[in-house]
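**Student:** Residue numbers (my numbering): 46 to 136.
I have a structure here, written as structure tokens, and I will follow up with some questions on it.
The structure is reproduced here in structure tokens:
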């Protein structure tokens with residue numbers, strides 16, 4: 046379960062770097078549709094599968110938040126480096 050949560054977080058972080066927030070809705074829906082047969086194959090109870098799906102969805106969204114914050118932080122660092130150069134004045 047922990048490995049799946051880490052994987053979900055990392056996928057969310059990658060998506061946060063590249064996409065807008067609307068990518069989370071179809072991805073969460075696809076994860077929910079995949080959780081039903083995986084829970085049946087793994088012989089999990091319905092509520093155990095639902096709990097795993099909820100934790101993975103939360104990890105995905107947390108990773109997305111982390112990735113988008115990292116993107117904006119890197120953009121701000123890059124912008125401050127570009128615009129913080131002193132102007133050369135004639136003497």
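Here a beta-carbon is modelled for each residue, glycine too, at the ideal position from N, C-alpha and C.
Since this is a predicted model, take the numbers as computed values, not measurements.
Excluding sequence positions up to five away, which residues of its chain have a Cβ less than 7 angstroms from the Cβ of residue 53?
**Tutor:** By 1-based counting over the chain shown, the position of residue 53 is 8. The answer, listed in chain order, is 101, 104, 105, 108.
**Student:** Using only the alpha-carbon positions, how far apart do residue 66 and residue 80 sit?
**Tutor:** Reading the chain shown from its first residue, position 21 is the one you call residue 66. Reading the chain shown from its first residue, position 35 is the one you call residue 80. Going from the Cα of residue 66 to the Cα of residue 80 covers about 22 angstroms.
**Student:** If you run the structure through DSSP and keep just helix, strand and coil, what is residue 85?
**Tutor:** One-based indexing of the chain shown puts residue 85 at position 40. Three-state result, residue 85: helix.
**Student:** Run through DSSP, which three-state label would residue 137 get?
**Tutor:** With the chain covering 46 to 136 only, the question about residue 137 has no answer from this structure.
**Student:** Round the Cβ separation of residue 111 and residue 61 to the nearest angstrom and send it over; I've been treating them as touching at under 8 angstroms.
**Tutor:** Stepping through the chain shown from its first residue, residue 111 is reached at position 66. Stepping through the chain shown from its first residue, residue 61 is reached at position 16. About 6 angstroms; that satisfies the 8 angstroms criterion.
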